[in-house]
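Read top to bottom, the protein sequences are chains A and B. Under this note's numbering, think of the first position of the first sequence as 1, with each following residue one higher. Under this note's numbering, think of the first position of the second sequence as 1001, with each following residue one higher. This report refers to the structure that appears directly beneath it.
2 protein chains.
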Amino acid sequence: MTVRVSHHALRRTVTQIFEAAGFPPGDARRCADVLVAADLRGVESHGVSNMLKRYLGWLETGHLNPRPVVELLREKPATAAYDGDAGLGIAVLPDLMARAVEKAEQYGVGMIAVRNARHSGMLAYHSMLALEADMIGVCATSGGPRVVPTFGREARLGTNPLSVAVPTSTQRPFVFDAATSTVAFNKIANARRAGEPLGSGWCADQDGAPLMEPTSADAPIDHLMLPLGATPEGGSHKGYSLAAIVEVLASILPGGVFMGRLAGSFSGHFLAAIDPGAFTDPEEFRQEMSEFIDYLHSTPPAVGSDQVLVANDLEWETERSRRENGIPLHQEVVAWLDETCDQRNLPRLVRGPKGSGEGAVPRRAGR
Amino acid sequence: MTVRVSHHALRRTVTQIFEAAGFPPGDARRCADVLVAADLRGVESHGVSNMLKRYLGWLETGHLNPRPVVELLREKPATAAYDGDAGLGIAVLPDLMARAVEKAEQYGVGMIAVRNARHSGMLAYHSMLALEADMIGVCATSGGPRVVPTFGREARLGTNPLSVAVPTSTQRPFVFDAATSTVAFNKIANARRAGEPLGSGWCADQDGAPLMEPTSADAPIDHLMLPLGATPEGGSHKGYSLAAIVEVLASILPGGVFMGRLAGSFSGHFLAAIDPGAFTDPEEFRQEMSEFIDYLHSTPPAVGSDQVLVANDLEWETERSRRENGIPLHQEVVAWLDETCDQRNLPRLVRGPKGSGEGAVPRRAGR
């Protein structure tokens, strides 16, 4: 059973929960916006249902700092490195992407690496911020080891995702956001929850052998996820190396350590903004991008397939629909949100696809 | 039957052939160095045997300009776009990577995109140039359509490779260089030549169905190469999207067009240099990189495997061996080189692993 709620109402409730948890109001609003943006785009793995409870748990254990003082470690005109002071990536990264965009406006490109911050949420949120300045946005994040290197039998790298957003001449940009493993971790978690088998090439067994047939999700093999490519013959050394490159940019470049040194849910982040106008006429760039996307869409479909998609097609359509018809939340999630609000003396989530988000009142003095 | 020749002797002969073909002496030496570097690293697909004849053919048809005037199109402090004037990528890119490194020295990062240039040779040659300045080097190239998008049945993207080189505290850097398709095109060409089957996940059939069993190389399916991931379940939309991102950076960003608009062997190129010293202490960065590589090497190997490798392990060892013991060339290649030298009144290639490259005389006035 699902309940449909408006993104306005959900954003208000989540903002209030973050504020009650000690986040400054600006950060609370931003964090809520990142989570709800994921739900709007159909990326539930990084939305309210899947992440908010986890974040509150990290606050309780002290793993997460709700009021980080982000420190500039080193800076050059087009680059900067920061320490995130154990702040949540979804709170810390948007301001830093704005900084990368400022640098790109002046120098053509801006590049920022952040150590010692926590979960980044949906990476596409951050890469897409660059689109507002008609720039290409890049975001990559390294996480704790879940992925086994080619020819290995122990996890050594995170699913280390990468997102790239590129502006077009239409409203709909190109937006890629994906793990460098065969699948994102949540696909495995979801299969386990649903009692469904794991897909071909998602995991290795305890001996390191790639599981190339659908496999029961019961075995404790989620710590042996396979890199994109799955097998040596299929090019898994490429997915493995891409994960290592993300580790370099997001973990080591900002003066941090590779994630294998840390236990738990640590993250390093990498952001870049590239101004197409520094390279060519920006309108011609966006026009060519749109025609490139049309050209990909026009690929004759494989027998049995309807059409060739381009990165962001599905998420864009989902967002259009959910802005109109509301975000579906499982009733257990709504019950948990109600309970969380009750405990904190907050108004409950307004139901219905047209629920208003107005009336949200900052509960603390502004940041 | 193979003949072993020293890299010095091979470099000399190839330099002379490029000069005789009309390249300025500096460019001829650089082009020879790029081809021989590929042979030293065991990347024969991009070495003398496989590429030189093709380049000479392009010169004859006018597809390639031996004396390009590379034009700066647009510049910001940390970025630049160039038109390659139909010059060969292996001649044009090294100077532009030097420019990217200069920009990175001053601004932290340097990024350069080049339209209207030809084949880049082994991408790792260019990314590795940044290592000489203790920087991270990036190189990506877009080429003519060979790869079919997920759910499609016609090629729309090149194998669009990416290379990233990262300095370490030891002599041996991390060097990734790979196509965003399951395999590089030459693996398919080699299988056909040897009458061996194509591997699982390398190609789709004419209906767009991924061929997931070893398949005869006779069918005309080399124009339906699969993106990394091979199948939708295996994450082929990721390889497909990575190829599209390379197309954006290497083709569209420098004010060019996507490769699907062009017929033949055109290329766009993208270069970046990132200075770790702009982000953190550069020695600490290189030290952490080395320990990261040790950590990856220390992964317990899968049952039946000897060890976990890191990008550049094999190429580095091959280069050490070939510098000592010579580069093995098929005798047909040596015969072709002899014929090519005879036609141009050049001294023939000196045989033997210790053959000297000294005595190479520039045949034309300097560039």
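For every residue, glycine included, the Cβ atom is placed at its ideal position computed from N, Cα and C.
For A/His330, the secondary structure class from DSSP, reduced to helix, strand or coil, is strand.
Among the residues facing chain A, B/Arg1172 is not included, as its CB has no counterpart in that chain under 8 angstroms away. Taking 8 angstroms as the CB threshold, B/Asp1281 lines the interface with chain A. The beta-carbon of A/Pro167 is placed no less than 8 angstroms from the nearest beta-carbon of chain B. Counted as a single uninterrupted DSSP element, the beta strand (DSSP E) harbouring B/Asp1177 occupies residues 1174-1178.
Take A/Cys139, set aside five residues on each side of it, and the residues of its chain with a beta-carbon closer than 6 angstroms to its own are Leu123, His126, Ser127, Ser163, Leu271, in chain order.
Its Cα nearest to that of B/Ile1017, the residue B/Ala1028 stands out among B/Ala1009, B/His1007, B/His1008, B/Ala1028.
According to the DSSP assignment, B/Phe1285 belongs to the alpha helix (DSSP H) that extends over 1282-1297. A/Ser265 is positioned such that its CB atom lies no closer than 8 angstroms to that of A/Phe258. Proximity of A/Thr299 to chain B, defined by a Cβ-Cβ separation below 8 angstroms, is satisfied. Residues of chain A with a Cβ closer than 8 angstroms to the Cβ of B/Tyr1107 are, in chain order, Lys76, Pro77, Ala78, Thr79, Tyr107. Shown here, B/Ala1009 sits in a helix according to DSSP, grouped into three states. In summary, the residues of the stretch 1189-1211 of chain B whose CB is separated from some CB of chain A by less than 8 angstroms are Gly1199, Ser1200, Gly1201, Ala1204, Asp1207, Gly1208, Ala1209, in the order they occur in the chain. Around the CB of A/Arg146, 16 or more other CB atoms lie within 10 Å, so the residue is classed as buried. The contact set of B/Tyr1125 on chain A, defined by CB atoms closer than 8 angstroms, is empty, because the minimum CB distance reaches about 18 angstroms.
Contact check between the stretch 1008-1015 of chain B and the stretch 1341-1352 of chain B: three or more CB pairs, one atom from each, fall below 8 angstroms, which counts as touching. Excluding the 5 residues flanking it on each side, A/Ala230 has same chain C-beta neighbours closer than 6 angstroms at Thr182, Gly201, Pro210, Ser236, in chain order. One finds Ile245 in chain A with Cβ atoms closer than 7 angstroms to the Cβ of B/Val1164, taken in chain order. Annotation: A/Met51 to A/Val36 spans about 11 angstroms, alpha carbon to alpha carbon. B/Gly1152 places its beta carbon less than 8 angstroms from that of B/Gly1208. Taken in chain order, the complete alpha helix (DSSP H) segments of 4 or more residues contained in the stretch 232-266 of chain A are 236-247.
What A/Thr182 touches in chain B, judged by beta-carbon distance under 9 angstroms, is Gly1229, Glu1233, Gly1234, Gly1235, Lys1238, going in chain order.
Between A/Ser120 and A/Leu93, the C-beta spacing is below 8 angstroms.
For a Cβ distance threshold of 8 angstroms, nothing in chain B lies close to A/Ala130: the least Cβ distance comes to about 13 angstroms. In the DSSP annotation of this structure, the continuous segment of the beta strand (DSSP E) that includes A/Ala140 starts and ends at 136-142. Residue-level contact by beta carbon holds for B/Val1257 and chain A, with a gap shorter than 8 angstroms.
Cβ-Cβ distances below 8 angstroms link B/Arg1004 to Asn1325, Gly1326, Ile1327, Pro1328, Leu1329, Arg1351, Gly1352, Pro1353 in the same chain, with the five nearest sequence neighbours on each side left out; the list follows chain order.
A straight-line Cα-Cα distance of about 13 angstroms links B/Asp1039 and B/Val1333. When 8 angstroms is used as the limit between beta carbons, A/Gly152 is near these residues of chain B: Thr1299, Pro1300, Pro1301, Ala1302, Ser1305, Val1308, in chain order. For B/Asp1083, the secondary structure class from DSSP, reduced to helix, strand or coil, is strand. With respect to the 8 angstroms criterion, B/Val1101 and B/Asp1085 are not classified as neighbours on the basis of their beta carbons. Here DSSP, grouped into helix, strand and coil, assigns A/Ser163 to strand.
Less than 8 angstroms separates the beta-carbon of A/Pro77 from that of B/Gly1108.
Going by DSSP, A/Asn312 is part of no beta strand (DSSP E) at all; its letter is neither H nor E. Membership of B/Arg1074 in the beta strand (DSSP E) is indicated by the continuous run 1071-1076. DSSP, read as helix, strand or coil, puts A/Pro25 in helix.
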